[in-house]
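For reference, the structure discussed in these notes is given below.
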Amino acid sequence: MELLKHLSEAAGVPGHEAEIRGIITEALKERAETIETDQLGNLIAHLPGDGPVVMIAAHMDEIGFIVSYIEKDTGFLRIHPLGGFDVKTLISQRVVVHTETGDLVGCIGAKPIHIMTAEERKKLPEMKDLFVDLGLKEERVRELVAIGDMVTMRQDFLVGEDAVSGKALDDRAGLYIGIEAIRRAKKLACDLYFVGTTQEEVGLRGAQVAGFTVQPDIAIALDTTLAVDMPGVPGAQQVTKLGGGVAIKLADSSSISHVGLVKAMKKLAMER
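So the mapping is simple: our numbering equals the position in the sequence shown, first residue as 1, plus 76.
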């Protein structure tokens, strides 16, 4: 669990995955024969074996932001999203701005409802309406913060009886599962590549490059999905359940899973 905590607390928005890459390298250095990084930042660990070439991949990046503008007089930051956010969940959330000289904690704000017009109150907030308040004067903000600095959510890693909560579990949980599976594997019946991919949250960019590099016979992506066993969700839409076991994807908007591989995974899951 300490490894999952370490992965969750690490910072790495798309294009800034170096810290996570270092954690994976340390975790697999005694197990993998080679660990390399390609030009896009993908980490590729190779565990040679006899059999088909298998690639297990999980993405290293998390949704986050970069600083796009510093407001005059106030020093408030405007931020550009890297990945998809439900904007209404962001107001009053704490964030960390990662600068060259250290980390700064701020809070996401927006125009207070008390001074909104009647029309403004009817509208959902947009990304352009938000700002980050660092609690510093403009001059100090400009000394410390640069355009392009990474911004991540600030959230504690908590362990409950049957679940954990934390930042960036999409997809640090997938990385953790892959690393632990490799650590525990006693004998391989395949030529295995474990890949920590980059820039998934902005279009699967790292995975596409890694696929061409490894040329696998079988590719398995470890990622998170919705747990929809919650109030207000009709039974027909409750295709997953928290604690109900692994979810095996059949299809989504851009891909269809290999039917034979899906059947094999379902059989294996039932046996275990």
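Backbone N, C-alpha and C define an ideal beta-carbon position, used for all residues, glycine too. Since the model is a prediction, treat every value here as computed from it, not as a measurement.
Notebook entry, point to check: Which residues bound the alpha helix (DSSP H) around Gly-151?
Noted result: Counting along the chain, Gly-151 falls outside any alpha helix (DSSP H), and DSSP gives it neither H nor E.
Notebook entry, point to check: Do the stretch 292-303 and the stretch 101-121 touch if we need at least three Cβ pairs shorter than 8 Å?
Noted result: no
Notebook entry, point to check: What residue from Gly-321, Gly-88, Ser-329 and Ile-332 has the CA that sits closest to Leu-344's CA?
Noted result: Gly-321
Notebook entry, point to check: By how many angstroms is the C-alpha of Ala-257 removed from the C-alpha of Asp-299?
Noted result: 15 Å
Margin query: Which residue marks the beginning of the alpha helix (DSSP H) containing Phe-288, and which one marks its end?
Written below: 281-290
Check: Would Ser-329 be called buried (16 or more neighbouring beta carbons within 10 Å of its own) or exposed?
Finding: exposed
Check: Which residues does DSSP pair with Cys-266 in a beta bridge?
Finding: Cys-266 pairs with nothing; no bridge assigned.
Next item on the list: Could you say which of Ala-286, Arg-248, Val-304 and Ala-323 lies nearest to Lys-87 if we only look at CA atoms?
Entry: Here residue 87 turns out to be Ala, not Lys, going by the sequence shown. That would be Arg-248, whose Cα lies nearest to the Cα of Ala-87.
Margin query: I'd like the list of long-range same chain contacts for Gly-127, defined as Cβ closer than 7 Å, with 5 residues on each side in sequence excluded.
Written below: Ala-265, Cys-266 and Asp-267
Notebook entry, point to check: Are the stretch 92-99 and the stretch 127-139 touching, with three or more C-beta to C-beta distances below 8 Å?
Noted result: yes
Next item on the list: Write down the C-beta distance between Val-235 and Pro-201 rounded to the nearest angstrom, noting that I regard them as a contact closer than 8 Å.
Entry: Val-235 to Pro-201, Cβ: 32 Å. No contact.
Next item on the list: Please determine if the stretch 192-209 and the stretch 167-174 are in contact, where contact requires at least 3 C-beta pairs separated by less than 8 Å.
Entry: yes
Next item on the list: Kindly indicate which three-state DSSP category Leu-311 falls into: helix, strand or coil?
Entry: Per the sequence shown, residue 311 should be read as Gly rather than Leu. Helix at Gly-311.
Margin query: I need the DSSP call for Ser-84, collapsed to helix, strand or coil.
Written below: helix
Next item on the list: Measuring alpha carbon to alpha carbon, tell me which of Thr-175, Leu-116, Leu-302 and Ile-120 ends up nearest Lys-317.
Entry: Leu-302
Next item on the list: Apply the 10 Å Cβ neighbour rule to Pro-90 and answer buried if 16 or more other Cβ atoms are within range, or exposed otherwise.
Entry: buried
Item checked: Separation of Asp-225 from His-334, as counted between CA atoms -> 40 Å
Notebook entry, point to check: So is Met-131 buried or exposed if we call it buried at 16+ other beta carbons inside 10 Å?
Noted result: buried
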